[in-house]
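Read the structure below first, then the notes.
Protein chains: 2
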Amino acid sequence: MGLGKDYAQQQCSIARALEVVGERWTLLVVRDAFYGIRRYKDFLVHLGIPRAVLASRLQSLEQAGVLEKQRYQQSPPRDEYVLTEAGIALWPTLLSLGKWASGHLEGVDTPRSFLHVACGSELGAYGQCPACGDVVPAGDVLLTPRAGLDPDPENPVSRALLTPHRLLTPLEIDHTSVRVQQ
Amino acid sequence: MGLGKDYAQQQCSIARALEVVGERWTLLVVRDAFYGIRRYKDFLVHLGIPRAVLASRLQSLEQAGVLEKQRYQQSPPRDEYVLTEAGIALWPTLLSLGKWASGHLEGVDTPRSFLHVACGSELGAYGQCPACGDVVPAGDVLLTPRAGLDPDPENPVSRALLTPHRLLTPLEIDHTSVRVQQ
Numbered sequence: 002m003g004l005g006k007d008y009a010q011q012q013c014s015i016a017r018a019l020e021v022v023g024e025r026w027t028l029l030v031v032r033d034a035f036y037g038i039r040r041y042k043d044f045l046v047h048l049g050i051p052r053a054v055l056a057s058r059l060q061s062l063e064q065a066g067v068l069e070k071q072r073y074q075q076s077p078p079r080d081e082y083v084l085t086e087a088g089i090a091l092w093p094t095l096l097s098l099g100k101w102a103s104g105h106l107e108g109v110d111t112p113r114s115f116l117h118v119a120c121g122s123e124l125g126a127y128g129q130c131p132a133c134g135d136v137v138p139a140g141d142v143l144l145t146p147r148a149g150l151d152p153d154p155e156n157p158v159s160r161a162l163l164t165p166h167r168l169l170t171p172l173e174i175d176h177t178s179v180r181v182q183q
Numbered sequence: 002m003g004l005g006k007d008y009a010q011q012q013c014s015i016a017r018a019l020e021v022v023g024e025r026w027t028l029l030v031v032r033d034a035f036y037g038i039r040r041y042k043d044f045l046v047h048l049g050i051p052r053a054v055l056a057s058r059l060q061s062l063e064q065a066g067v068l069e070k071q072r073y074q075q076s077p078p079r080d081e082y083v084l085t086e087a088g089i090a091l092w093p094t095l096l097s098l099g100k101w102a103s104g105h106l107e108g109v110d111t112p113r114s115f116l117h118v119a120c121g122s123e124l125g126a127y128g129q130c131p132a133c134g135d136v137v138p139a140g141d142v143l144l145t146p147r148a149g150l151d152p153d154p155e156n157p158v159s160r161a162l163l164t165p166h167r168l169l170t171p172l173e174i175d176h177t178s179v180r181v182q183q
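Line by line, the protein sequences give chains A and B.
Our numbering applies: residue 2 is where the first sequence begins, and numbers increase by one.
Our numbering applies: residue 2 is where the second sequence begins, and numbers increase by one.
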């Protein structure tokens with residue numbers, strides 16, 4: 002069914018949000034940006050999606066002001082994709098989706114935890130810290146793999162995510178081992 | 002592109018959530034259920050989507066335990082779709098999407114407000130009440146149209162939503178005026 006991506010008849014801010022982030026894979030690209038993934042090839046390797054799909058999603062997110070390009074190499078010119086302030090504001094949406102699946106879907110394990118950096122407490126469904134009572138901004142969240150998380154050993158991005166990692170900080174990836182199928 | 006709806010390679014609870022609610026229109030069906038829409042024809046009229054799409058979404062949401070059928074008429078048998086506890090737990094996701102579009106996308110007006118029933122304050126992006134400081138459960142949220150919201154006058158569901166309405170309570174719709182194109 003050719004459903005397009007707009008919801009023209011809906012006078013609704015939720016529908017407007019879904020026009021930007023509601024396409025398949027889009028929120029997982031945004032998730033990866035929170036995890037500190039910034040380069041095209043790293044997204045490609047971690048998501049395992051066709052190049053055309055990734056390119057389309059990155060372009061749409063840039064046009065919507067969710068991601069912005071930052072040049073990290075002049076010659077040849079290479080850009081990274083970094084979350085804007087508007088992109089970072091998607092954190093409650095991503096957190097709530099993950100919390101919802103972990104808490105309410107059958108057979109969903111919880112491969113990673115979101116902890117408050119300051120105290121190590123696991124965030125609640127609304128992004129609040131149960132110890133401090135505060136809503137925790139994304140930059141103060143520690144992404145922590147649970148025991149038993151077993152990614153593809155050939156995937157250097159997944160391997161890098163086996164170490165606890167503060168959201169929004171660049172993920173240290175062994176780029177020499179990032180190989181993309183042509 | 003035939004992208005399917007699964008994210009088989011992703012060891013991620015966010016991906017699992019999107020397998021259930023990430024298809025086009027699905028979260029707007031869930032939104033309508035929060036707004037108190039329960040009957041197939043009311044969803045159809047309000048969303049303006051093809052019958053096959055709506056039927057598929059309702060079936061998927063029922064299978065995932067987000068909606069459950071409740072019989073409201075014995076002869077002929079007719080069922081309503083009502084959010085389960087798991088479905089109601091999607092409230093932070095919907096709220097955060099709406100808040101995000103209103104606050105961070107250009108040219109998005111905010112046709113409706115989400116207010117805390119107890120004090121009339123508008124909820125924050127994380128679902129908290131700025132006056133009370135509490136996280137407000139969906140059942141204590143008053144959906145309130147902003148001035149100027151101007152739905153299709155031929156649409157009885159949209160008309161019913163012009164009155165402030167407490168989430169999760171059945172919406173009073175003039176069913177005699179609900180006409181569905183065959």
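Just so you know, even glycine gets a beta-carbon here, dropped at the ideal spot from N, CA and C.
Identify the residues that DSSP records as bridge partners of residue i: which are they?
{"i": "A/Glu-69", "result": "A/Val-83"}
{"i": "A/Arg-167", "result": "A/Leu-143"}
{"i": "A/Val-136", "result": "A/Gln-129"}
{"i": "B/Glu-155", "result": "None, per the DSSP bridge assignment."}
Use the C-beta contact count for residue i: other C-beta atoms within 10 angstroms, 16 or more gives buried, fewer gives exposed.
{"i": "B/Arg-147", "result": "exposed"}
{"i": "B/Ala-16", "result": "buried"}
{"i": "B/Cys-120", "result": "exposed"}
{"i": "A/Cys-133", "result": "exposed"}
{"i": "A/Ser-76", "result": "exposed"}
{"i": "A/Pro-27", "result": "Pro is not the amino acid found at residue 27 of chain A; the sequence shown has Thr there. Per the 10 Å Cβ criterion, buried."}
{"i": "A/Arg-52", "result": "exposed"}
{"i": "A/Gly-140", "result": "exposed"}
{"i": "A/Ala-9", "result": "exposed"}
{"i": "B/Gln-11", "result": "buried"}
How would you write the range of the beta strand (DSSP E) that residue i sits in, first residue to last?
{"i": "B/Arg-113", "result": "113-117"}
{"i": "B/Leu-143", "result": "142-146"}
On a Cα-Cα basis, can you pick out the residue from the options that is closest to residue i?
{"i": "B/Glu-107", "options": "A/Glu-20, A/Pro-131, A/Leu-28 and A/Gly-37", "result": "A/Glu-20"}
{"i": "B/Pro-171", "options": "B/Ser-97, B/Glu-155, B/Tyr-73 and B/Ala-132", "result": "B/Tyr-73"}
{"i": "B/Pro-93", "options": "B/Thr-27, B/Pro-138 and B/Asp-33", "result": "B/Pro-138"}
{"i": "A/Tyr-36", "options": "A/Ile-50, A/Phe-115, A/Gly-66 and A/Ala-56", "result": "A/Phe-115"}
{"i": "B/Ala-87", "options": "A/Trp-101, A/Ala-87 and A/Gly-66", "result": "A/Trp-101"}
{"i": "B/Gly-149", "options": "B/Leu-95, B/Gly-128 and B/Asp-110", "result": "B/Asp-110"}
{"i": "B/Gly-66", "options": "A/Leu-29, A/Gly-104, A/Ala-18 and A/Asp-33", "result": "A/Gly-104"}
{"i": "A/Thr-177", "options": "A/Gln-60, A/Val-158 and A/Gly-99", "result": "A/Val-158"}
{"i": "B/Leu-96", "options": "B/Glu-81, B/Val-118, B/Gln-60 and B/Gln-129", "result": "B/Gln-129"}
{"i": "B/Asp-80", "options": "B/Arg-25, B/Ile-38, B/Leu-91 and B/Ile-89", "result": "B/Ile-38"}
May I ask which residues mark the beginning and end of the alpha helix (DSSP H) holding residue i?
{"i": "A/Arg-32", "result": "27-35"}
{"i": "A/Tyr-41", "result": "41-48"}
{"i": "B/Lys-100", "result": "92-105"}
{"i": "A/Ala-16", "result": "14-22"}
Positions along the stretch 81-93 of chain A whose CB lies within less than 8 Å of some CB in chain B: When CB distances to chain B are screened at a threshold of 8 Å, the residues of the stretch 81-93 of chain A falling below it are Glu-86, Ala-87, Ala-90, Leu-91 and Pro-93, in chain order.
- prompt: Residues in the stretch 11-26 of chain B with C-beta within 9 Å of chain A's C-beta atoms, listed in sequence order?
  reply: Those would be Gln-11, Gln-12, Cys-13, Ser-14, Ile-15, Ala-16, Arg-17, Ala-18, Leu-19, Glu-20, Val-21, Val-22, Gly-23, Glu-24, Arg-25 and Trp-26, in chain order.
- request: Output, in sequence order along the chain, the residues in the stretch 103-116 of chain B whose CB is closer than 9 Å to any CB in chain A.
  value: Ser-103, Gly-104, His-105, Leu-106, Glu-107, Gly-108, Val-109, Asp-110, Thr-111, Pro-112 and Arg-113
task: Taking only beta carbons into account, state which residues of the stretch 152-183 of chain B come closer than 7 Å to chain A, listed in chain order.
output: Cβ proximity to chain A below 7 Å picks out Pro-152 from the stretch 152-183 of chain B.
task: Would you list, in chain order, the members of the stretch 29-44 of chain A that have their beta-carbon closer than 9 Å to a beta-carbon of chain B?
output: Leu-29 and Arg-32
- request: Would you list, in chain order, the members of the stretch 51-78 of chain B that have their beta-carbon closer than 8 Å to a beta-carbon of chain A?
  value: Pro-51, Ala-53, Val-54, Ala-65 and Gly-66
query: Name the residues in the stretch 132-149 of chain B whose C-beta lies less than 8 Å from a C-beta of chain A; which are they?
result: Val-136
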